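Q: Pasting in a structure now, in structure tokens, and then I'll have a few things to ask.
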Amino acid sequence: MTVSAERDAEFLADVARIADDVAAPNADDVDRNARFPSETIDALREAGGLAALIPEELGGLGLDFRTVAEACVRLGRRCGSSAMVFAMHQIKVATIVRHLEGSPWFEDFLRDVASDQLLIASVTSEIGTGGDLGRSIAALTPAEDGGLAFEKQAPTVSYGAHADAYLTTLRRAPEAEQGDQVIVVSLRDQTELEPAGAWDTLGMRGTCSPGFVVRARIRPEQVLAAPFSDVLAVTMVPVTHLLWSHLWLGIATDAFDRARAFVRAAAKRGGKVDGPLPQAVRLSHLMSELSLLRAEVRSALDEFMADDARERLSTMAGQLRFNNLKIAASEQAPRVCQGALSVCGIAGFRNDSPYSVGRHLRDTLSAALMIANERIHNTNANLLLIAKEV
Amino acid sequence: MPAAQIRKILAEHARLPVDVETLPEDANLYEAGMTSHASVNVMLAIEDEFDLEFPDEMLKRSVFESIASIAEAVNALQSQAKAA
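If you're matching them up, the sequences are chains A and B in order.
So the first sequence is numbered by this note's numbering: it starts at 1 and just counts up by one.
So the second sequence is numbered by this note's numbering: it starts at 1001 and just counts up by one.
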């Protein structure tokens, strides 16, 4: 193995250990009490995990994107909320790393993220835009001291109260059109979060994502110079859908594993029977559903890692590809979890059994809602009119 | 002249909050308020008007961001068609 492949393998071994020893024993408590999985995130910090995608020259681990995607699967198998927090942080880091264009402020910021293992949250959704990330209402406004200020009404900010920095989308200026956006990063001590509601949800309870009114004062160099539409198409959309779908795959894989453990236990109890148990046959059906999910998620990752990916991602065909990943994976993951429930029966329905898959099902039901599938279908419907090969 | 025809198509389909005639050829249409949805209608109308098809690699934001960039793409496809 090369040095860098060894480092990737070491990191994955660390994540697997953290998933088993820290995330798994806390997962039920995180879910029941809708509390932040701080033990898991702290353990990931210890392993340097919050700097996984930051290049070595900026103090990070400089790991392959595939390694981070696989880490999302491993964490997802033990605690969906922990995996989502990890994934969302990596999406922000990837956004900055891939588009900082040599900015000294953003390079220093990434050095701080690496050395202090800072957790970055995002303030992208906004009340009044109907979940459309390509539009903003809140505007970056010049302040009297030569700095910039903004106030944004965010319906959800995942782990907002637990983050050390915030990546926010805004209109470029008070007179700018809604689609003329920029990305800014504000530090915790520059940002004020006024809580607007609680986070008591069906699933993904540990992400602690209530609404906030977010106010910040920043310096002009904290605005990412890269064109927003490019950042959105080339990084934010594909990386978000890839890492989310990998963690959904992790959750669905654990639901399948629990169903398999249930069937094995039933087969051992049942003694000698002629032919397979009915649950075992259902498990076989479920395996093919899981393999469909895995195939879609893995092939999208391969396409993203291809040498010419960056060029293709900026086209409508590229946009359709990753929109499709989101829709397919977000529908297939809860389908697998529900299939696992039907294999396990009442043992899967119980919250106190080793075959319980209630949390898995509830967590994956969030998938179709995080950037609503219906909105994506609306976009696709339009793109399909003009795209040639899909 | 493609630019004049492109302006006419933009006036009809781009749904800009400003008068297309006042826009310089290199003005950014997205910054002027053209939405992604409107841009697809512009693309369809241009394919129709000039009797051409944009291949997938040209169907991206940078190609449709100004009158000049659209005209350049139309010219490129027309000269390709002539050469073939």
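Backbone N, C-alpha and C define an ideal beta-carbon position, used for all residues, glycine too.
Model, not experiment: these values are computed from the prediction.
Would you mind stating whether residue 256 of chain A and residue 355 of chain A have Cβ atoms separated by less than 8 Å?
A: Along the first sequence, read from residue 1 onward, the residue named residue 256 of chain A stands at position 256. Along the first sequence, read from residue 1 onward, the residue named residue 355 of chain A stands at position 355. No, Cβ-Cβ distance for residue 256 of chain A and residue 355 of chain A is not below 8 Å.
Q: My understanding is that residue 113 of chain A touches residue 41 of chain A, with C-beta atoms under 8 Å, so please give their C-beta distance in whole angstroms.
A: As a working mapping, residue 113 of chain A is identified with position 113 in the first sequence. As a working mapping, residue 41 of chain A is identified with position 41 in the first sequence. The pair is not a contact, with the Cβ atoms about 14 Å apart (cut-off 8 Å).
Q: Three or more C-beta pairs closer than 8 Å, one from the region 150–164 of chain A and one from the region 181–198 of chain A: is that the case here?
A: Contact between the region 150–164 of chain A and the region 181–198 of chain A is present, because at least three Cβ pairs lie under 8 Å.
Q: The region 1010–1036 of chain B: which residues have C-beta closer than 9 Å to a C-beta of chain A, in chain order?
A: Residues passing the 9 Å Cβ filter: 1017, 1028, 1030, 1031, 1032, 1033, 1034, 1035 and 1036.
Q: Between the alpha carbons of residue 179 of chain A and residue 388 of chain A, how many angstroms are there, rounded?
A: Reading the first sequence from its first residue, position 179 is the one you call residue 179 of chain A. Reading the first sequence from its first residue, position 388 is the one you call residue 388 of chain A. Taking the straight line from one Cα to the other gives about 26 Å.
Q: Could you check whether residue 368 of chain A and residue 330 of chain A sit closer than 8 Å to each other, using their CB atoms as the reference points?
A: As a working mapping, residue 330 of chain A is identified with position 330 in the first sequence. As a working mapping, residue 368 of chain A is identified with position 368 in the first sequence. Going by C-beta atoms, residue 330 of chain A is nearer than 8 Å to residue 368 of chain A.
Q: Assign residue 99 of chain A to one of two classes, buried (16 or more other C-beta atoms within 10 Å of its C-beta) or exposed (fewer than that).
A: Translated into the one-based positions of the first sequence, residue 99 of chain A becomes position 99. So residue 99 of chain A counts as buried.
Q: Under the three-state reduction of DSSP, which class applies to residue 1047 of chain B: helix, strand or coil?
A: As a working mapping, residue 1047 of chain B is identified with position 47 in the second sequence. In the structure shown, residue 1047 of chain B sits in a helix (DSSP, three-state: H, G or I).
Q: Return helix, strand or coil for residue 389 of chain A, following the three-state DSSP convention.
A: As a working note, residue 389 of chain A is residue 389 in the first sequence. In this structure, residue 389 of chain A counts as coil in the three-state DSSP scheme.
Q: Considering only residues of the same chain and omitting the five flanking positions on each side of residue 286 of chain A, which have a CB-CB separation below 8 Å?
A: Taking the first residue of the first sequence as 1, we reach residue 286 of chain A at position 286. 256, 259, 336, 339, 340 and 343, listed in sequence order.
Q: Assuming residue 183 of chain A is part of the beta strand (DSSP E), what are its boundary residues?
A: Within the first sequence, residue 183 of chain A is the residue found at index 183, counting from 1. Taken as a continuous stretch (DSSP letters only), the beta strand (DSSP E) holding residue 183 of chain A covers 181–187.
Q: So with CB distances below 9 Å, who are the chain A contacts of residue 1040 of chain B?
A: As a working mapping, residue 1040 of chain B is identified with position 40 in the second sequence. The answer, in chain order, is 316, 382, 383, 385 and 386.
Q: Taking the beta carbon of residue 1075 of chain B as the centre, do at least 16 other beta carbons fall within 10 Å, making it buried, or is it exposed?
A: Within the second sequence, residue 1075 of chain B is the residue found at index 75, counting from 1. Answer is exposed; the Cβ neighbour count stays below 16.
Q: So who's on the other strand from residue 195 of chain A, going by DSSP bridges?
A: Mapped onto the first sequence, residue 195 of chain A falls at position 195. Paired residue(s): A/212.
Q: Inspect the beta-carbon positions of residue 252 of chain A and residue 292 of chain A and report whether they are closer than 8 Å.
A: In the first sequence, residue 252 of chain A corresponds to position 252, counting from 1. In the first sequence, residue 292 of chain A corresponds to position 292, counting from 1. Their beta carbons are not under 8 Å apart, which means residue 252 of chain A does not touch residue 292 of chain A by this criterion.
Q: Give a yes or no on whether the minimum CB-CB distance between residue 1055 of chain B and chain A is below 8 Å.
A: For this step, residue 1055 of chain B is matched to residue 55 along the second sequence. Answer yes: the Cβ-Cβ gap between residue 1055 of chain B and chain A drops below 8 Å somewhere.
Q: So, for residue 239 of chain A: in the same chain, excluding its five sequence neighbours on each side, which residues have a beta-carbon less than 7 Å away from its beta-carbon?
A: In the first sequence, residue 239 of chain A corresponds to position 239, counting from 1. Excluding residues within five positions, the ones whose Cβ falls inside 7 Å are 91 and 94.
Q: Between residue 134 of chain A and chain B, is there a C-beta pair that is closer than 8 Å?
A: What you label residue 134 of chain A is simply residue 134 of the first sequence in a count that begins at 1. Answer yes: the Cβ-Cβ gap between residue 134 of chain A and chain B drops below 8 Å somewhere.
Q: Would you mind listing the beta strand (DSSP E) stretches within the region 199–250 of chain A that are 3+ residues and don't spill past its ends, in chain order?
A: Runs of the beta strand (DSSP E) inside the region 199–250 of chain A: 211–218.
Q: Taking 8 Å as the threshold (C-beta atoms), are residue 121 of chain A and residue 80 of chain A in contact?
A: For this step, residue 80 of chain A is matched to residue 80 along the first sequence. For this step, residue 121 of chain A is matched to residue 121 along the first sequence. No. Outside cutoff.
Q: Counting only Cβ pairs nearer than 7 Å, list the residues of chain A close to residue 1044 of chain B.
A: Stepping through the second sequence from its first residue, residue 1044 of chain B is reached at position 44. Here the neighbours are 385 and 386.
Q: Does any C-beta atom of chain B lie closer than 8 Å to the C-beta of residue 345 of chain A?
A: If you number the first sequence from 1, residue 345 of chain A lands on position 345. Residue 345 of chain A does not count as touching chain B.
Q: Just checking: is the beta-carbon of residue 229 of chain A within a distance shorter than 8 Å of some beta-carbon in chain B?
A: Mapped onto the first sequence, residue 229 of chain A falls at position 229. Residue 229 of chain A counts as touching chain B.
Q: Can you find the residues in the same chain that come closer than 8 Å, C-beta to C-beta, to residue 1028 of chain B, ignoring five residues on each side of it along the sequence?
A: Numbered from its first residue, the second sequence carries residue 1028 of chain B at position 28. Excluding sequence neighbours, residue 1028 of chain B sits near 1065 and 1066.
Q: Would you please verify whether the beta carbon of residue 192 of chain A is less than 8 Å from any beta carbon of chain B?
A: Taking the first residue of the first sequence as position 1, residue 192 of chain A is located at position 192. No - not a single Cβ of chain B is within 8 Å of the one on residue 192 of chain A.
Q: What's the call for residue 384 of chain A, buried or exposed, on a 16-neighbour Cβ count within 10 Å?
A: Taking the first sequence and counting its residues from 1, the one referred to as residue 384 of chain A is at position 384. Residue 384 of chain A should be labelled exposed.
Q: Using 8 Å as the limit for Cβ to Cβ distance, is residue 102 of chain A near chain B?
A: Walking along the first sequence from the start, residue 102 of chain A turns up at place 102. Not one chain B Cβ lies under 8 Å of residue 102 of chain A.
Q: What is the residue span of the alpha helix (DSSP H) that residue 1008 of chain B lies within?
A: In the second sequence, counting from the first residue as 1, residue 1008 of chain B sits at position 8. Residue 1008 of chain B -> alpha helix (DSSP H) spans 1002–1013.
Q: Determine whether the Cβ of residue 177 of chain A lies closer than 8 Å to any Cβ atom of chain C.
A: Protein chains in the displayed structure are A and B, and chain C is not among them.
Q: Quick check: the Cα distance between residue 299 of chain A and residue 322 of chain A, rounded to an integer number of angstroms?
A: Numbered from 1 along the first sequence, position 299 holds the residue referred to as residue 299 of chain A. Numbered from 1 along the first sequence, position 322 holds the residue referred to as residue 322 of chain A. In a straight line, the C-alpha of residue 299 of chain A is about 11 Å away from that of residue 322 of chain A.
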